[in-house]
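So the protein sequences, as listed, match chains A and B. Position 296 of the first sequence, counted from 1, bears residue number 296 in UniProt numbering, the numbering being contiguous throughout. Position 334 of the second sequence, counted from 1, bears residue number 334 in UniProt numbering, the numbering being contiguous throughout. Please read the structure below before turning to the comments.
Protein chains: 2
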Amino acid sequence: MYGAGDVCVETRPDPTILEPTDAIVRAVRACVCSSDLHPYRSMGRTDEGVPIGHELLGVVEEAGSAVTTVRPGDLVIAPFAWSDNTCDVCRDGFQTACPHGGFYGNPGDVGGQQAELARIPLADGSLVAVPDVDESSPLLPSLLTLSDVYLTGYHTAHMARVSPGQTVAVVGDGAVGLSAVLAARQMGAERIILMGRHEARTDLGREWGATDVVAERGAEGVQRVLDLTDGLGSHVVVEAVGHLPAYEQSYGVVRAGGVISRVGVPQYDDAPVGFASLFGRNITLTGGPDPVRAYLEDAIPQVLSGAIDPGRVFDKAVALDDIADGYAAMDRRESLKTIVTF
Amino acid sequence: MYGAGDVCVETRPDPTILEPTDAIVRAVRACVCSSDLHPYRSMGRTDEGVPIGHELLGVVEEAGSAVTTVRPGDLVIAPFAWSDNTCDVCRDGFQTACPHGGFYGNPGDVGGQQAELARIPLADGSLVAVPDVDESSPLLPSLLTLSDVYLTGYHTAHMARVSPGQTVAVVGDGAVGLSAVLAARQMGAERIILMGRHEARTDLGREWGATDVVAERGAEGVQRVLDLTDGLGSHVVVEAVGHLPAYEQSYGVVRAGGVISRVGVPQYDDAPVGFASLFGRNITLTGGPDPVRAYLEDAIPQVLSGAIDPGRVFDKAVALDDIADGYAAMDRRESLKTIVTF
């Protein structure tokens with residue numbers, strides 16, 4: 001990506017093993033994340049360009065000498081952040097804050113994953129192999145979502161401690177919001193109110209467990225949710241937009257003692273947290289970058305068994321060479337989420 | 001209170017039963033809250049004055065015809081907010097947000113509790129009787145703290161879900177911060193770092209379970225806590241000051257995936273909540289007005305058995321007529337907390 005709206009595919013030198021803990025993974029499927037749209041819409045022009053992409057299902061091509069848990073030929077899921085998975089922070093279950101870990105797609109020696117080959121640092125702490133699935137499986141899209149989008153929806157519901165019988169409101173009908181609907185249903189939420197206005201998306205939300213859809217926004221949307229909840233509001237609100245109006249909508253619809261769980265990087269720094277917004281009604285604010293690695297081992301069998309089908313978020317497929325079409329379609333909201341084939 | 005620095009004692013008409021759910025309580029002990037110091041320092045001049053005070057241990061003088069759980073002669077604790085204790089919000093355990101409840105000491109027909117007599121609305125939902133204790137008991141100060149200060153410390157630790165083995169940092173050595181130390185120790189916190197610089201107070205904190213005291217503030221204080229925690233920070237941070245620098249200190253010392261629990265009304269509305277402060281490391285922000293009523297039944301036996309002695313926060317006693325001396329002493333930090341006798 002060279003700047004806003006400018007994504008192109010270039011041939012760069014193949015990544016190589018730099019540390020004995022590295023692995024080289026050949027991409028089988030990748031995809032475009034809604035978070036990739038932030039720079040796609042606002043990045044300043046650069047001459048060097050930055051590698052981009054951080055969602056990857058692939059096959060191990062080569063493993064460094066210290067790697068013991070995956071080997072060449074394994075189909076693996078690469079979480080959007082790498083981590084050692086052994087330190088205190090990882091053992092707490094917050095691998096995205098691992099002091100030895102990092103994020104793909106930043107300038108530097110670890111490239112983006114919208115690419116044929118990727119170097120994965122700390123492969124033992126990052127990659128998880130998927131057993132008995134080959135590259136022709138129809139489950140590949142759902143497995144790919146475990147690198148980020150589905151488990152990001154899951155994480156936000158997990159941080160909010162969604163429990164059976166609760167009401168969960170999801171602000172935003174993007175792929176992560178819909179994933180949060182699916183995850184909340186898995187956790188036993190009784191009522192799931194999806195706030196969104198794109199019918200194809202909210203229809204998928206209904207299939208995944210949304211019991212109500214609210215198209216209105218702002219004060220009108222808040223009132224609709226209050227009307228649906230006897231004036232009490234929702235035990236949990238998943239804020240899956242990342243902009244301040246969605247945050248404000250969230251504290252408008254959350255029940256006293258409830259939780260706002262944010263997902264996606266907030267595109268603001270300061271926000272209301274005082275008596276009127278959060279404190280006065282004991283509202284908890286939580287959420288952050290999904291520690292995918294903490295959840296992968298439990299989630300893979302759910303996909304393999306068919307218990308969940310999160311790959312349905314993909315409504316467009318492009319070959320890597322055509323990835324700019326995927327960005328453009330997602331930017332215009334013509335595609336919910338675009339998968340990349342190789 | 002007629003304005004900043006101007007507290008006086010006046011004879012007003014006795015409160016009377018206005019609703020059949022009311023009770024009239026004669027004060028045995030009351031006290032001055034650190035939150036009373038906010039208007040004491042900043043309130044604009046008024047001609048009418050406002051009644052003040054919201055911490056009360058007293059004896060029921062008269063009960064309305066619909067009151068069934070307390071009767072004249074009972075020694076009762078009056079939480080700092082009244083509530084019906086039957087609605088959905090109360091049953092969730094958030095009685096301070098009860099839609100039928102309210103707070104004492106605001107202008108209106110419910111007065112303050114730094115007074116000889118108080119009208120308690122919704123007496124069944126608000127008051128809890130203390131069995132087998134008379135007005136000469138040495139336990140009166142500790143029982144009084146259950147109307148607010150100790151249980152406010154308890155609530156903040158409870159909302160943060162302090163659990164055995166955790167590290168808890170408490171920012172602020174006021175009466176609520178010290179109460180949070182005591183509560184965190186009751187919940188099994190292994191290490192409790194008290195951030196404060198008033199030696200008499202931090203000494204009480206040590207007696208109550210603080211394992212470390214950090215007198216430094218700001219960046220220096222943050223670094224000290226990180227040094228004490230292998231660079232990881234504290235699982236839970238209790239922010240018991242209410243001003244923005246304490247909030248900023250809190251996210252500086254909290255561990256990835258940890259919780260900041262605020263106590264006392266924040267004296268700011270907007271604060272940093274973006275990637276750098278909360279989101280990037282999955283920090284949870286929680287806390288709010290303590291629903292005292294939710295905890296009273298469990299806390300009273302702890303005081304009666306001597307398991308906790310939260311009344312030690314009182315280091316000055318005044319008769320009601322001298323309450324202005326208590327305010328002044330607390331304002332000058334000569335008194336940690338002043339109890340009022342009748």
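Where is the CB? At the ideal position from N, CA and C, for every residue including glycine. The model shown is predicted, which means the values in this text are computed figures rather than measured ones.
Integer Cβ distance of residue i from residue j, believed to fall under 8 Å
| i | j | result |
| --- | --- | --- |
| residue 348 of chain B | B:Val181 | Only positions 1 to 342 of chain B appear in the structure, and residue 348 of chain B is not among them; the question remains open. |
| A:Thr286 | A:Val254 | A:Thr286 to A:Val254, Cβ: 12 Å. No contact. |
| B:Pro291 | B:Phe94 | 5 Å |
| B:Met187 | B:Ala157 | 6 Å |
| A:Arg26 | A:Glu116 | 7 Å |
| B:Gly274 | A:Asp269 | 4 Å |
| A:Val303 | A:Ser126 | Going by Cβ atoms, the distance from A:Val303 to A:Ser126 rounds to 19 Å, so no, they are not a contact pair. |
| B:Thr21 | B:Ala66 | 5 Å |
| A:Val176 | A:Gly153 | 5 Å |
| A:Ala30 | A:Glu55 | 6 Å |
| A:Ala200 | A:Gln166 | Actually they do not touch by this definition, with Cβ atoms about 27 Å apart. |
| A:Gln114 | A:Ile323 | 6 Å |
| A:Ala97 | B:Ala276 | The pair is not a contact, with the Cβ atoms about 13 Å apart (cut-off 8 Å). |
| B:Arg217 | B:Gln249 | 7 Å |
Check whether residue i and residue j have beta carbons under 9 Å apart
| i | j | result |
| --- | --- | --- |
| B:Gly196 | B:Val168 | no |
| B:Val313 | B:His235 | no |
| A:Tyr251 | A:Ile283 | yes |
| A:Leu151 | A:Ala299 | yes |
| B:Ala329 | B:Thr341 | no |
| A:Ile193 | A:Val225 | yes |
| A:Ser35 | A:Gly264 | yes |
| B:Leu204 | B:Leu37 | no |
| A:Ala78 | A:Ile52 | no |
| A:Gly280 | B:Gly288 | yes |
| B:Ala23 | B:Ala81 | no |
| residue 393 of chain A | A:Val28 | Residue coverage of chain A in this structure runs from 1 to 342, which leaves residue 393 of chain A outside it and unanswerable. |
| A:Met1 | A:Val50 | yes |
| A:Ala271 | A:Leu244 | yes |
| B:Pro301 | B:Ser179 | no |
| A:Gly233 | A:Arg262 | no |
| A:Arg41 | A:Asp6 | no |
| B:Arg12 | B:Gly111 | yes |
| B:Val222 | B:Ala160 | no |
| B:Asp92 | A:Asp230 | no |
| A:Thr69 | A:Asp124 | yes |
| A:Gly306 | A:Ala240 | no |
Beta-bridge partners of residue i, as assigned by DSSP
| i | result |
| --- | --- |
| A:Met195 | A:Val171, A:Val214 |
| A:Cys31 | A:Ile339 |
| A:Arg119 | A:Ile24 |
| A:Ile77 | A:Leu57, A:Val128 |
| A:Phe314 | Note: A:Phe314 sits in no beta bridge, so no partner. |
| B:Glu62 | B:Ile24 |
| B:Glu220 | According to DSSP, B:Glu220 bridges with nothing at all. |
| B:Asp6 | B:Gly3 |
| A:Gly102 | A:Trp82 |
| A:Ala319 | A:Thr341 |
Residue interval of the beta strand (DSSP E) (run including residue i)
| i | result |
| --- | --- |
| B:Ser83 | Where B:Ser83 is concerned, there is no enclosing beta strand (DSSP E), given that its DSSP letter is neither H nor E. |
| B:Arg262 | 254-262 |
| B:Ala271 | 270-272 |
| A:Leu285 | 284-287 |
N-terminal and C-terminal residue of the alpha helix (DSSP H) that residue i is part of
| i | result |
| --- | --- |
| B:Leu304 | 292-304 |
| B:Ala324 | 323-331 |
| A:His235 | Premise fails: A:His235 lies in the beta strand (DSSP E), 234-239, not in any alpha helix (DSSP H). |
| A:Ser277 | Taken as a continuous stretch (DSSP letters only), A:Ser277 belongs to no alpha helix (DSSP H), as it is neither H nor E. |
| A:Pro15 | Looking at the DSSP string, A:Pro15 is not in any alpha helix (DSSP H), and its letter there is neither H nor E. |
| A:Pro39 | 37-42 |
Beta carbon proximity, residue i to chain E, threshold 9 Å
| i | result |
| --- | --- |
| A:Val273 | Going by chain labels, chain E is absent from the structure shown, which instead holds the protein chains A and B. |
Task: Every unbroken alpha helix (DSSP H) inside the stretch 137-182 of chain A [4 residues or more] - done: Segments of the alpha helix (DSSP H) lying fully in the stretch 137-182 of chain A: 140-145, 149-159.
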